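Numbering (full-length UniProt numbering), first residue to last: 1 to 297.
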């Protein structure tokens, strides 16, 4: 059975059967899924077998179906709509209603007030522009009347006949600067030729990489509980754990399918295939310590 057949969503196929086939395809048990989603296994079995009356209520049933479908990588919204139609719940899209507003209740200003305000604003702007242009013209006219003072004759007499380049000898020499004899004899401090440079080991080491040996559901969260990754990964998929985010933890429904590595350093699996593990710290030192205590391959 391939993935396309396992995820077939034919309208004639019950939602419970769609979920069951997808779960079997990923080699997941009802107990494993229930432990991860925190839903009783009896409720998941009731969904798969179509026993809607055994569920606590319609609202809870819809929530269980959505969570179950999204955990298996299916479209939760589409599966819930199909589930509602199969159990006889009419799915109606809410219309976009536009209620009429009475003229007395309208918050829009009167048209005459708007036109009058715009006309007053235009007249005011025109007056400001005209006043500014007149003031600028008057300032220019006054400036033109002032007489430009003549250049003193002495300036022409002192200038002399200057060629395109002044001779080197005619250039003014800089004044000598007195230097403290003691300061001149004291040699300047020379820094050491070699200084020690501290290198951050977290920058130098390669990143932590998660690689899948088999299909497994994986969720990685930060310290606030926000999920950076939450889906089913297939064999050969890999994920680079961001080193800049501290306090990451991992939950999985198949810890034996996970392989962690840092560069050429490959860690041993943290359990057997099908084992459910929660709260695994995504810390290189923590994984190295687990690898020393459990060096199996």
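Quick reminder that beta carbons are idealized off the backbone N, C-alpha and C, glycines included. Remember, predicted model here, so these are calculated numbers, not experimental data.
Candidates the options: which alpha carbon is nearest residue i's?
i, options, result
"residue 269", "40, 290, 284", "290"
"residue 277", "284, 213, 217, 78", "217"
"residue 208", "79, 51, 286", "286"
"residue 246", "265, 223, 229", "223"
"residue 253", "206, 231, 74", "231"
"residue 279", "255, 251, 294", "251"
"residue 267", "274, 284, 273, 125", "284"
"residue 50", "206, 118, 82", "82"
"residue 87", "69, 261, 70, 58", "58"
"residue 292", "265, 274, 60", "265"
"residue 234", "73, 68, 116", "73"
"residue 212", "273, 126, 115, 125", "273"
"residue 71", "89, 32, 60", "32"
"residue 257", "236, 242, 288", "236"
"residue 241", "126, 206, 60", "206"
Return helix, strand or coil for residue i, following the three-state DSSP convention.
i, result
"residue 274", "coil"
"residue 218", "strand"
"residue 19", "helix"
"residue 260", "strand"
"residue 289", "helix"
"residue 265", "strand"
"residue 231", "strand"
"residue 41", "helix"
"residue 226", "coil"
"residue 246", "coil"
"residue 125", "helix"
"residue 31", "helix"
"residue 68", "helix"
"residue 82", "helix"
"residue 63", "helix"
"residue 118", "helix"
"residue 236", "coil"
"residue 57", "coil"
"residue 89", "coil"
Using the Cα positions of residue i and residue j, report the straight-line distance between them to the nearest angstrom.
i, j, result
"residue 227", "residue 221", "4 Å"
"residue 248", "residue 219", "10 Å"
"residue 36", "residue 63", "15 Å"
"residue 281", "residue 263", "19 Å"
"residue 325", "residue 210", "Here the chain covers residues 1 to 297 and nothing more, so residue 325 does not appear."
"residue 52", "residue 14", "12 Å"
"residue 34", "residue 244", "32 Å"
"residue 27", "residue 39", "18 Å"
"residue 19", "residue 48", "7 Å"
"residue 294", "residue 214", "20 Å"
"residue 80", "residue 121", "58 Å"
"residue 229", "residue 75", "17 Å"
"residue 78", "residue 84", "10 Å"
"residue 56", "residue 261", "44 Å"
"residue 271", "residue 54", "35 Å"
"residue 30", "residue 68", "10 Å"
"residue 12", "residue 238", "36 Å"
At least one CB of chain C closer than 8 Å to the CB of residue i: is that the case?
i, result
"residue 259", "In the displayed structure, chain C is absent; only one protein chain is listed."
Less than 7 Å between the CB of residue i and some heavy atom of the ligand PLP, yes or no?
i, result
"residue 293", "This structure simply doesn't include the ligand PLP, nor any ligand for that matter."
Whether or not the segment 41-48 and the segment 15-24 are in contact is what I'm after, with contact meaning three or more pairs of Cβ atoms, one per stretch, closer than 8 Å; do they touch?
Taking 8 Å as the limit for Cβ pairs, the verdict is that the segment 41-48 does touch the segment 15-24.
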